[in-house]
Amino acid sequence: MGHQFVLLISATIFCVGAAGFLIRKNPLIMFMSVELMLNSVNFLLIGFSSFQKSMDGQIFALMIMTVAAAEVVVGLAIILTIFRTRHDMDVDHINTLKG
Amino acid sequence: MFELDLFELTKATVTTLVGLTAVLASLGVILCSSPIYCALYLIGHMICLALLFLLYNAEFVAAVQIIVYAGAVMILFLFIIALLGGKKEIQEPSTERSIAIAFVATMLGELFLSATVGPTRPIEGAFDAQTVAEVGGSAKAIGLELFSRHVVAFELASVLLLVAAVGIICLSKFSYVPLRRRMK
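So the protein lines, in turn, are chains B and G. Under my numbering, the residues of the first sequence are numbered 1 to 99, in order. Under my numbering, the residues of the second sequence are numbered 100 to 283, in order.
Pasting the structure below:
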């Protein structure tokens, strides 16, 4: 399959992830949407590394996976801390720094 | 000749089907109201992406995708959902939602336009499928590249993981309530 397929699938998944990040209010699902966006970029890198016959895309994909793992761990810890202190899972209600 | 064509045709069909399944699973992630179903859809999406990686000659990254994402990260998500209790979310239409959807639809249109403009200038790298097979597989080729030309990025990634581990210990040890008690 050619460049266009990779570009179209990747763009669609990225936009679905962006839409999910904007319209959902549960922070867990917002994090899942961020994962969707990161994964779409991974797919783009892998596809183009296959087309360009280069390993750089795959190494970049591995780096993105590392960043995503670190980001998810820290983000989930923050969500857990917020839930422990506020017992509320709606991001629209977390609008004060006073607690 | 005919056999080769049949192989290519099957590969193209499988790639299209898996790609469409990945898109549908990602739609399931953002449209389900219960977080646990969202997480299950996301696992399906990541497995589809791992299959796509396999179809584009990236065996090692496909294995890492299954182990790290569908394994570790999603199990972490499921644990957190089990801990916090997956409450259903009521989705009602509002102005902000329509603005967000219009923004994303515009972005999708622009991306599609830029994707269909035409071919970019191809760069011929050193790693076609035959070279990778001669080196000894995808994992070995990635290792050779990673430890020769991308050592700094590799070391920085390890520092990043260490910082994340230290940060999560700080977050879980010095949470809000003891902090307030200490400040009194």
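For each residue, glycine too, the CB sits at the ideal point set by N, CA and C.
The DSSP-derived three-state label of residue 273 of chain G is coil.
One Cα belongs to residue 81 of chain B, the other to residue 224 of chain G, and the distance between them is close to 47 angstroms. Residue-level contact check: residue 125 of chain G touches chain B, since one or more beta carbons of chain B fall below 7 angstroms from its beta carbon. In this structure, the CA atom of residue 260 of chain G is about 37 angstroms from the CA atom of residue 201 of chain G.
Listed in chain order, the non-local C-beta contacts of residue 16 of chain B below 7 angstroms within the same chain comprise 36, local neighbours out to five positions each way being set aside. Think of a sphere of 9 angstroms around the beta carbon of residue 196 of chain G: the chain B residues whose beta carbon falls inside it are 22 and 23, in chain order.
With respect to the 7 angstroms criterion, residue 64 of chain B and residue 38 of chain B are classified as neighbours on the basis of their beta carbons. Separation of residue 53 of chain B and residue 116 of chain G (C-alpha to C-alpha, rounded to the nearest whole angstrom) is 24 angstroms.
Secondary structure at residue 192 of chain G: coil, using DSSP grouped into helix, strand and coil.
At a cut-off of 7 angstroms, the C-beta of residue 63 of chain B has a neighbouring C-beta in chain G. Contact of residue 32 of chain B with chain G is assigned, a C-beta pair being separated by under 7 angstroms.
Comparing alpha carbon positions, the residue from B:12, B:8 and B:24 closest to residue 195 of chain G is B:24. Put simply, the CB of residue 55 of chain B is near chain G, with a gap under 7 angstroms to one of its CB atoms. By the criterion of at least three beta-carbon pairs nearer than 8 angstroms, the segment 140-149 of chain G is not in contact with the segment 181-189 of chain G.
Judged by DSSP in its simplified three-state form, residue 104 of chain G adopts helix. In this structure, residue 169 of chain G places its C-beta atom within 7 angstroms of the C-beta atom of residue 146 of chain G. In the displayed model, residue 86 of chain B falls within a helix according to three-state DSSP. Interface criterion not met: the Cβ of residue 75 of chain B is under 7 angstroms from no Cβ in chain G.
Here the alpha carbon of residue 151 of chain G sits roughly 14 angstroms from the alpha carbon of residue 61 of chain B.
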